[in-house]
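A.B. asks:
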Amino acid sequence: MTVTVLGRVRAGKSLAWVLTFALAASMLVPFLWMLSTSLMDELEVFRFPPRLVPETLRWDNYAGAFTARPFGRYFLNSFVFATLIVLGQLFTAATAGYAFAKFEFKGRDKLFMLYLSTMMVPAVVVLIPRFLLIDTLGWIDTYAGLASTELVSVWGVFLMRQYFRTVPRELEDAARIDGAGPWRVFWTISLPLAKPAMATLGLFAFIDAWKNLLWPLVVTTSMSMRTVEVGIASFHGTFVFN
Amino acid sequence: MSRATRRRFILLVCALSPLVIALVAALALVGHSVTRARHDLLRRETNTAVELVREVQSGQILDSIFPGRWTLTDERDVTLDQAVTYESPVGVAARAALYDADSWYRVGTVYLSAPTDRHSSLPLRIVIVAAIAVVLLNGLFVWWVHRPGGPLTVRLGLSGVVLVLTGTPVWLAAGWSRAKLTDLTNERMQVAARALELAPDLDALVARPGGVMQLTGLQFMVPDPTGAASFSTLSPAATLELDSIQSPFFGRAVADRVEYAVADVVPVRLAVLPYEHTEDPIATIMMIASLALLVTALPLSFATLASQPRTFHRNAVAWSFLAPSIVHLTIFTVGPLAFAAWLSLHRWSLLDAARPFVGLANYVRLLGDGAFWNAIKNTAVFTLHVPFAMALALAIALVIHRRIRGIVFLRAMLFLPTITSLVAIAMVWQWMLHDEYGLINWLLSLVGFGPVDWLTSPSTALVSIMIMSVWMIVGYQMILFQAGLAAIPREYYDAARIDGAGPWRSFLHVTLPGLRHTLFFVLITSVIGSFQVFGAVYVMTEGGPLHATDVAVFHIYEEAWRHFRFGDAAAMSWVLFAIIFMVTLLQFRTLERRAGETA
Chain A
280 MTVTVLGRVR
290 AGKSLAWVLT
300 FALAASMLVP
310 FLWMLSTSLM
320 DELEVFRFPP
330 RLVPETLRWD
340 NYAGAFTARP
350 FGRYFLNSFV
360 FATLIVLGQL
370 FTAATAGYAF
380 AKFEFKGRDK
390 LFMLYLSTMM
400 VPAVVVLIPR
410 FLLIDTLGWI
420 DTYAGLASTE
430 LVSVWGVFLM
440 RQYFRTVPRE
450 LEDAARIDGA
460 GPWRVFWTIS
470 LPLAKPAMAT
480 LGLFAFIDAW
490 KNLLWPLVVT
500 TSMSMRTVEV
510 GIASFHGTFV
520 FN
Chain B
213 MSRATRRRFI
223 LLVCALSPLV
233 IALVAALALV
243 GHSVTRARHD
253 LLRRETNTAV
263 ELVREVQSGQ
273 ILDSIFPGRW
283 TLTDERDVTL
293 DQAVTYESPV
303 GVAARAALYD
313 ADSWYRVGTV
323 YLSAPTDRHS
333 SLPLRIVIVA
343 AIAVVLLNGL
353 FVWWVHRPGG
363 PLTVRLGLSG
373 VVLVLTGTPV
383 WLAAGWSRAK
393 LTDLTNERMQ
403 VAARALELAP
413 DLDALVARPG
423 GVMQLTGLQF
433 MVPDPTGAAS
443 FSTLSPAATL
453 ELDSIQSPFF
463 GRAVADRVEY
473 AVADVVPVRL
483 AVLPYEHTED
493 PIATIMMIAS
503 LALLVTALPL
513 SFATLASQPR
523 TFHRNAVAWS
533 FLAPSIVHLT
543 IFTVGPLAFA
553 AWLSLHRWSL
563 LDAARPFVGL
573 ANYVRLLGDG
583 AFWNAIKNTA
593 VFTLHVPFAM
603 ALALAIALVI
613 HRRIRGIVFL
623 RAMLFLPTIT
633 SLVAIAMVWQ
643 WMLHDEYGLI
653 NWLLSLVGFG
663 PVDWLTSPST
673 ALVSIMIMSV
683 WMIVGYQMIL
693 FQAGLAAIPR
703 EYYDAARIDG
713 AGPWRSFLHV
723 TLPGLRHTLF
733 FVLITSVIGS
743 FQVFGAVYVM
753 TEGGPLHATD
763 VAVFHIYEEA
773 WRHFRFGDAA
783 AMSWVLFAII
793 FMVTLLQFRT
803 LERRAGETA
């Protein structure tokens with residue numbers, strides 16, 4: 280009897296295992312489909328039942344996409360946009376996170392809660408005023424307009440604060456005894472120690488900026504300033520393209 | 213003077229100066245709004261005078277409308293075209309070029325001075341009260357700050373007194389300006405109405421295209437023979453509503469959520485946005501005041517620390533680290549949030565220069581706006597995908613928990629959607645869900661199910677987007693659950709097994725309680741994110757078919773950037789914010805308490 284129970288448990292586990300793997304593999308299907316469709320010619324795409332693998336590989340579809348729209352420029356814009364945001368968020372999150380983690384000052388916890396509560400504000404509420412503000416500054420359709428609104432990530436402040444709390448005080452104290460001021464201690468001791476957290480934050484900031492659709496859609500008006508996301512969104516063609 | 217005292221004194225000056233500056237700015241603004249309206253009125257009156265002289269070729273009519281205020285010269289100032297105001301020895305005056313009947317040659321210049329009885333500027337008594345208030349404020353603040361340990365009620369009471377003292381002169385001045393602006397509006401209507409009545413050939417004047425507009429700059433309603441009537445620059449809605457008001461009368465009427473000043477001069481109806489809508493300084497004053505309070509708060513809190521050098525220094529250093537993010541958050545998040553609230557109280561369009569204050573009218577209209585509530589309903593339904601995604605993510609996390617083989621591959625697969633371009637993903641899914649050529653319908657047909665109109669039928673479109681969203685978010689949630697699971701000590705499971713608990717019971721009594729913080733975090737952030745869904749809808753359905761996927765953020769986007777109704781859009785976004793806030797609060801209240809009970 281124990282053998283059957285054990286067998287059933289083992290069978291159940293294997294079944295769950297197989298199902299999970301099947302599910303994970305199915306996550307890939309849209310990506311493979313995207314790749315496959317991007318290499319088909321137009322007639323093949325509209326065939327039923329759908330073809331899973333193209334008859335001939337049409338690499339020139341990619342060239343076609345690049346000539347139809349300035350995707351090279353879009354990539355450059357997305358890259359500049361995301362890089363500016365990563366740099367900005369790293370700086371603001373590291374300094375603010377450091378202040379919340381390492382200093383005792385009046386109203387610190389209340390201020391931190393205030394920071395956190397701004398995470399609840401939907402982007403769409405501040406979208407219009409930010410647009411009007413950027414418009415007033417004359418930054419519509421510029422990199423400054425694209426990136427300036429996103430230079431602080433409260434999520435990043437939270438992350439850096441948690442990380443800095445784990446950095447032992449002793450290292451900083453040693454530098455302080457040697458006569459270094461707080462900013463010097465921050466730059467030379469604490470910041471280098473926080474590299475892993477900075478890497479995480481930088482990665483997420485980059486991905487988030489790259490995926491951002493609404494703000495670049497609103498703040499760019501000319502073809503040459505669009506980001507990749509906006510470019511693809513306005514490009515409802517047969518080229519499926521990642 | 214000791215160092216601490218000197219430091220406290222400097223900080224006090226720093227704290228007081230924004231308040232004083234704000235007070236002076238607010239009073240100046242009040243005076244300025246009235247002055248601007250008065251100049252505007254004078255310019256319009258001068259234009260009217262010019263029109264009338266051109267029609268009649270004599271000054272008799274002007275004498276009955278502007279007794280003793282006008283002069284006509286044969287000066288031909290080539291630089292002058294429209295009326296301009298200027299300061300003359302007897303007060304404000306305006307002049308405009310007079311053309312001949314063919315509008316070709318300048319034949320003279322019309323001068324018009326403002327009536328002398330309206331020349332009262334901001335009442336002196338208000339300015340004096342304001343000055344006294346500032347001096348009193350100064351003293352009170354010094355006293356207040358020098359007693360940092362005083363009882364809270366006293367300090368709160370003092371803050372109240374200070375606020376009232378600063379607010380009163382500004383409030384009085386604003387009331388004064390509002391009354392003045394109302395007077396100016398009425399005057400403008402009276403002049404226009406009388407000018408029309410006195411015009412010898414009213415029909416000709418009205419019928420001439422453009423001529424009427426130029427007469428006073430008012431909006432005229434001209435009934436044409438077919439019975440249709442239109443105000444020249446008003447929105448169609450306002451035109452219709454003003455048209456339906458019973459005449460004759462002279463007064464105020466609300467149309468398209470804005471109050472207009474209206475006068476009937478048969479067969480013409482005049483309508484104009486009152487000055488108290490276009491020039492009212494109240495909102496700007498409020499913004500200046502809140503900014504001043506913000507700027508005041510920091511040096512004040514420092515001043516209480518001035519006598520403790522070490523604490524003072526530590527605070528100053530901390531604030532220097534916080535400065536970049538605080539400045540940014542104030543300018544780009546808190547400021548815009550307040551500004552959105554202000555916008556939502558106005559009829560604000562990018563296309564129309566007049567942005568009248570309409571109070572809560574935008575919100576009132578929103579209550580009866582079926583399309584908006586449909587969007588909110590769709591958003592709520594869409595949010596139901598979160599629990600499904602969480603259940604799936606938790607199941608996967610449990611299966612691959614503690615297994616090493618293939619885990620890197622699995623994680624990578626599941627995480628791929630999180631890091632890929634949302635627009636590209638949405639487009640692939642749009643293609644996979646295509647009615648005729650889509651992969652999914654083909655797969656369904658293999659097992660004998662008929663084709664489903666995934667994105668083209670109102671009953672399935674939202675569900676299709678929900679399915680895609682589950683696919684997109686499940687990997688991200690799974691990673692978080694995995695981290696949560698790893699934090700549950702193995703001993704708990706061992707203890708449960710020794711007590712004879714099966715897998716199901718150890719899941720219920722060890723895993724779930726151990727994961728409650730992670731579950732809570734994932735639920736809260738996912739729900740907040742799902743209330744803000746935009747990209748998928750924008751790419752896949754554009755809110756259709758038949759508004760079946762019209763979600764809140766998409767609806768707001770359309771309202772603002774397709775219809776240019778920024779005021780309404782701002783009201784909607786605040787309602788959305790309130791809903792998100794309440795939903796989050798509700799989750800905190802109910803779930804945290806429950807989590808506390810199971811712990």
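Residue numbers (the working numbering), protein chains in the order written: chain A, 280 to 521; chain B, 213 to 811. In this text, a Cβ means the ideal position worked out from N, Cα and C, and glycines have one as well.
#1: Quick one: which residues of the segment 758-782 of chain B get their C-beta closer than 9 Å to a C-beta of chain A? List them in chain order.
#2: According to DSSP, what are the bridge partners of alanine 473/B?
#3: Using beta carbons (cut-off 7 Å, strictly below), is glutamine 694/B in contact with chain C?
#4: From the DSSP output, which residues share a beta bridge with glutamate 299/B?
#5: State the Cα-Cα distance for the pair leucine 651/B and histidine 489/B, rounded to the nearest angstrom.
#6: Kindly list the residues whose CB is nearer than 7 Å to the CB of arginine 559/B, restricted to its own chain and excluding five residues on each side of it in sequence; keep chain order.
#7: Can you have a look at proline 401/A and say buried or exposed, based on whether 16 or more other CB atoms are within 10 angstroms of its CB?
#8: Quick one: which unbroken alpha helix (DSSP H) runs of 4-plus residues sit fully inside the segment 356-427 of chain A? Chain order, please.
#9: Would asparagine 590/B count as contacting chain A if we go by Cβ distances under 7 Å?
#10: Tell me the start and end of each unbroken alpha helix (DSSP H) in the segment 510-551 of chain B that is at least 4 residues and wholly inside, in chain order.
#11: Residues of chain A with CB closer than 8 Å to the CB of isoleucine 612/B, please, in chain order.
#12: Would you tell me roughly how many angstroms separate the C-alpha atoms of glycine 712/B and isoleucine 740/B, rounded to the nearest one?
#13: Output yes or no for whether 7 Å exceeds the beta carbon distance between serine 357/A and valine 498/A.
#14: Do you know offhand how far tyrosine 487/B's Cα is from isoleucine 233/B's?
#15: Do you know offhand how far valine 765/B's Cα is from leucine 406/A's?
#16: Taking alanine 373/A as the reference, which of Leu470/A, Ala347/A, Glu383/A and Phe310/A has the closest Cα?
#17: Which residues mark the beginning and the end of the beta strand (DSSP E) in which tyrosine 323/B is found?
#18: Can you find the residues in the same chain that come closer than 6 Å, C-beta to C-beta, to glycine 376/A, ignoring five residues on each side of it along the sequence?
#19: Distance, Cα to Cα, alanine 343/B vs leucine 336/B?
#20: Suppose you measure from the CA of leucine 493/A to the CA of alanine 624/B; what does that come to, to the nearest Å?
#21: Grab me the residues of asparagine 586/B's own chain with a C-beta within less than 8 Å of its C-beta, minus the 5 sequence neighbours each way, in chain order.
#22: Is there a Cβ from chain A that is less than 7 Å from the Cβ of glutamine 426/B?
#23: Using a Cβ-Cβ cutoff of 7 Å, what residues of the segment 343-377 of chain A are near chain B? List them in chain order.
#24: Is arginine 492/B buried or exposed, if buried means 16 or more other CB atoms sit within 10 Å of its CB?
#25: Measure from the alpha carbon of alanine 407/B to the alpha carbon of each residue in Glu648/B, Ser245/B, Leu264/B and Val598/B, then state which is nearest.
#26: Within the segment 360-388 of chain B, note down every full beta strand (DSSP E) run reaching 3 residues or more, in order along the chain.
#27: Give the C-beta separation of valine 322/B and valine 262/B to the nearest angstrom, bearing in mind that I take them to be a contact with Cβ-Cβ under 8 Å.
#28: Relative to the C-alpha of glycine 367/A, which residue among Phe485/A, Val404/A and Leu294/A is closest?
#29: So which residues on chain B does isoleucine 407/A lean against when the C-beta distance must stay under 7 Å?
#30: Assuming proline 629/B contacts methionine 306/A (C-beta within less than 8 Å), just tell me the rounded distance between them.
#31: With 7 Å as the threshold, decide whether the Cβ of serine 513/B is near any Cβ in chain A.
#32: Would you say isoleucine 486/A lies against chain B (beta-carbon separation less than 7 Å)?
#33: Which chain A residues sit within Cβ distance under 7 Å of proline 536/B?
#34: Measure the alpha-carbon distance for alanine 304/A versus valine 611/B and round it to whole angstroms.
C.D. replies: The structure says:
#1: Ala764, Val765, Ile768, Tyr769, Ala772, Trp773, Phe778, Ala781 and Ala782
#2: Translated into positions along the second sequence, residue 473/B becomes position 261. The partner list for alanine 473/B (beta bridge, DSSP) reads Arg464/B and Val484/B.
#3: Any reference to chain C falls outside this structure, whose protein chains are A and B.
#4: As a first step, residue 299/B is located in the second sequence; it is residue number 87 there, counting from the start. Partner(s): Val304/B.
#5: Your numbering for residue 651/B matches position 439 in the second sequence. Your numbering for residue 489/B matches position 277 in the second sequence. Those two C-alpha atoms are separated by around 58 Å.
#6: Walking along the second sequence from the start, residue 559/B turns up at place 347. Around arginine 559/B: Arg469, Val470, Arg567, Pro568, Val570 and Gly779.
#7: Translated into the one-based positions of the first sequence, residue 401/A becomes position 122. Buried.
#8: 387-396, 402-416 and 422-427
#9: Residue 590/B sits at position 378 when you count from the first residue of the second sequence. By this cut-off, asparagine 590/B is not an interface position.
#10: 521-541
#11: For the purposes of this step, residue 612/B is identified with residue 400 of the second sequence, where counting begins at 1. In chain order: Thr299.
#12: Here the question's residue 712/B lines up with position 500 in the second sequence. Here the question's residue 740/B lines up with position 528 in the second sequence. Cα to Cα, glycine 712/B sits roughly 40 Å from isoleucine 740/B.
#13: If you number the first sequence from 1, residue 357/A lands on position 78. If you number the first sequence from 1, residue 498/A lands on position 219. Not a contact, by the Cβ cut-off of 7 Å.
#14: The residue you call residue 487/B lines up with position 275 of the second sequence. The residue you call residue 233/B lines up with position 21 of the second sequence. So the alpha carbons of these two residues sit roughly 26 Å apart.
#15: Taking the second sequence and counting its residues from 1, the one referred to as residue 765/B is at position 553. Taking the first sequence and counting its residues from 1, the one referred to as residue 406/A is at position 127. Rounded to whole angstroms, valine 765/B to leucine 406/A spans 11 Å at the Cα level.
#16: Looking up residue 373/A in the first sequence gives position 94. Taking only the C-alpha atoms, the option nearest alanine 373/A is Leu470/A.
#17: Here residue 323/B refers to the residue found at position 111 when the second sequence is read from its first residue. Looking at the DSSP string, the run of the beta strand (DSSP E) that includes tyrosine 323/B is 318-325.
#18: Locating residue 376/A in the first sequence gives position 97, counting from the first residue. Excluding residues within five positions, the ones whose Cβ falls inside 6 Å are Val436, Met439, Arg440 and Phe443.
#19: For the purposes of this step, residue 343/B is taken as the residue at position 131 of the second sequence. For the purposes of this step, residue 336/B is taken as the residue at position 124 of the second sequence. C-alpha separation (whole angstroms): 11 Å.
#20: Here residue 493/A refers to the residue found at position 214 of the first sequence. Here residue 624/B refers to the residue found at position 412 of the second sequence. One C-alpha to the other measures close to 27 Å.
#21: Translated into the one-based positions of the second sequence, residue 586/B becomes position 374. These residues qualify, in order along the chain: His759 and Asp762.
#22: Counting from one through the second sequence, the residue named residue 426/B turns up at place 214. Residue confidence is low: glutamine 426/B scores 42 on pLDDT, short of 50, so the model does not pin down where it sits. Its coordinate-derived value is still stated next. So, not an interface residue.
#23: Phe370, Thr371, Thr374, Ala375 and Tyr377
#24: Along the second sequence, one-based indexing puts residue 492/B at 280. This sequence places aspartate at residue 492/B; arginine is not what is there. Looking at its Cβ environment, which holds 16 or more other Cβ atoms inside 10 Å, aspartate 492/B is buried.
#25: Position 195 of the second sequence, counted from the start, is the residue given in the question as residue 407/B. If we check each option's Cα against that of alanine 407/B, Leu264/B comes out closest.
#26: none
#27: Locating residue 322/B in the second sequence gives position 110, where the first residue counts as 1. Locating residue 262/B in the second sequence gives position 50, where the first residue counts as 1. Between valine 262/B and valine 322/B the Cβ distance is about 5 Å, and since that is below 8 Å, they are a contact.
#28: Here residue 367/A is taken as the residue at index 88 of the first sequence, counted from 1. Residue Phe485/A is the option with its Cα nearest to glycine 367/A.
#29: For the purposes of this step, residue 407/A is taken as the residue at position 128 of the first sequence. Near isoleucine 407/A (Cβ distances below 7 Å), the residues of chain B are Ala552, Leu555, Ala772, Phe778, Ala781 and Ala782.
#30: Numbered from its first residue, the second sequence carries residue 629/B at position 417. Numbered from its first residue, the first sequence carries residue 306/A at position 27. At roughly 7 Å, the Cβ-Cβ gap stays under 8 Å, so proline 629/B and methionine 306/A are in contact.
#31: Translated into positions along the second sequence, residue 513/B becomes position 301. Closer than 7 Å: yes.
#32: Reading the first sequence from its first residue, position 207 is the one you call residue 486/A. So, interface residue.
#33: Reading the second sequence from its first residue, position 324 is the one you call residue 536/B. Within 7 Å Cβ-Cβ: Phe370, Thr371 and Thr374.
#34: Counting from one through the first sequence, the residue named residue 304/A turns up at place 25. Counting from one through the second sequence, the residue named residue 611/B turns up at place 399. About 15 Å.
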